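Structure first, commentary second.
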Amino acid sequence: MIQWTAFLKKEWIEFTRSRRIWIVLAVCIFFGIMNPAIAKLTPWMLEYFSDSFSEMGIVTGQVQIDALTSWSQFDKNYSLLLILILLLLSNILTEEYQKGTLIPIITRGMGRWKVLTVKSAMAAAVWTAGYWLCVLITYGYNEYYWDNQTADHLFLYCGCLYLAGLWMTIVMISASAYFSSSTGVILFSILEFALSYCIGMTDAAGRYVPTHLLNATLLLTGNAEISAFTASALVTGIIAAVHLILAVIIFQRKNLC
């Protein structure tokens, strides 16, 4: 446990020195502010471009803006936020292979499973802190300008998206144990997401795959029941656990040179 804690501190120092953590937080703050800002500016933008729309034969009417509009914007920006964070974390382990910095640590008695679990914990912590910071900023602005009561099951909606992002974070870390390059890690993560998405298009298994959690926006409008996402949440947790177990087994035998 002492080794694990010491390596965790080392990882935290590395994250702060490389400014990776600050970049993630800055991106999340930006998106957190942008969600309500776009919603707030929507009526002004429609009015400003109304003449151009009229020339194209498009008639714009009165637009009702509320907290639900802002959360809809949050939903649209979520994918980009997740991609940016994953790209920033994609070389969290592969750069150690390239620099050869893991070999001295492991030859001194550090267990490989400890290295992998620390990396996983750091990546999960960064995603958790960044995502919920973005949620809190959006929530605060929405509460100030409108009223979050217009959005149904808001916490569960945010929880579904958080779990989907955590799944992709663990997939990426696990892929870092399977492959030695950032390209391999990214491609594997994309393929798993694409596979889940394609299976999600089928009627039989669609409600069980992790990407089904991305449909949680239906909770906001009351067009879906909470039970519709229970199975996918459980399956997502199981898949993430299996990935971590496989990653530890493979990493134990991996050539770090």
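Following the working numbering, the numbering of the sequence shown begins with -6 at its first residue and continues without gaps. All residues carry an ideal CB built from backbone N, CA and C; glycine is no exception. This one's a predicted model, so the numbers in the text were calculated from it and none came from an experiment.
Residue from the options with nearest C-alpha to residue i
| i | options | result |
| --- | --- | --- |
| phenylalanine 222 | Ile238, Tyr134, Leu149 | Leu149 |
| alanine 224 | Cys191, Gln66, Gly199, Ile163 | Gly199 |
| methionine 103 | Ile(-5), Met194, Val164 | Ile(-5) |
| isoleucine 31 | Glu7, Phe67, Ile22, Arg13 | Phe67 |
| glycine 177 | Val202, Thr121, Val111, Leu86 | Leu86 |
| threonine 143 | Val202, Glu185, Cys127, Leu212 | Leu212 |
| alanine 60 | Met115, Thr35, Thr(-2) | Thr35 |
| alanine 187 | Ala170, Val164, Ser169, Phe172 | Val164 |
| threonine -2 | Ile78, Ile58, Lys107 | Lys107 |
| glutamate 185 | Leu206, Trp160, Tyr201, Val20 | Trp160 |
| alanine 116 | Tyr201, Ile98, Leu75 | Leu75 |
| threonine 204 | Leu80, Ser72, Leu180 | Ser72 |
| isoleucine 242 | Thr110, Ala122, Thr229 | Thr110 |
| leucine 207 | Asn70, Gln245, Asn141 | Asn70 |
| serine 173 | Gly133, Tyr155, Leu95 | Leu95 |
| glutamate 89 | Leu79, Arg105, Ile78 | Arg105 |
| leucine 79 | Ile58, Glu7, Ser169, Arg10 | Ser169 |
| threonine 131 | Ala122, Ile26, Ser182 | Ile26 |
Coarse secondary structure for residue i, derived from DSSP in three states
| i | result |
| --- | --- |
| isoleucine 219 | helix |
| serine 83 | coil |
| valine 52 | For valine 52, the predicted model reports a pLDDT of 48, less than 50, meaning its position is unreliable; a value from the coordinates is still stated below. Reduced to three states, the DSSP call for valine 52 is coil. |
| phenylalanine 46 | Low local confidence applies: a pLDDT of 48 at phenylalanine 46 is under 50, so the model's placement there is unreliable, and no value is given. |
| aspartate 145 | coil |
| phenylalanine 24 | helix |
| isoleucine 58 | coil |
| asparagine 70 | helix |
| glycine 102 | coil |
| glycine 158 | helix |
| arginine 13 | helix |
| glutamate 227 | The sequence shown places leucine at residue 227, not glutamate. The answer is helix: DSSP assigns leucine 227 an H, G or I state. |
| leucine 249 | coil |
| serine 167 | helix |
| phenylalanine 172 | coil |
| alanine 233 | helix |
Outcome for residue i when other beta-carbon atoms lying within 10 angstroms are tallied against a minimum of 16
| i | result |
| --- | --- |
| threonine 100 | exposed |
| glycine 193 | buried |
| threonine 62 | buried |
| valine 119 | buried |
| serine 175 | buried |
| isoleucine 14 | buried |
| leucine 237 | buried |
| leucine 197 | One detail in the question is off: residue 197 reads as alanine in this sequence, not leucine. Exposed, by the Cβ-count rule. |
| lysine 92 | exposed |
| valine 52 | With a pLDDT of 48 at valine 52, under the threshold of 50, the modelled position of this residue cannot be trusted, and the question is left open. |
| proline 97 | exposed |
| isoleucine 231 | exposed |
| asparagine 135 | buried |
| asparagine 216 | exposed |
For residue i, the first and last residue of its enclosing alpha helix (DSSP H)
| i | result |
| --- | --- |
| valine 128 | 105 to 138 |
| tyrosine 201 | Element bounds for tyrosine 201: n/a, residue is neither H nor E. |
| arginine 10 | -5 to 10 |
| leucine 188 | 175 to 193 |
| leucine 211 | 210 to 213 |
| threonine 94 | It is not in any alpha helix (DSSP H) - threonine 94 carries neither H nor E in the DSSP assignment. |
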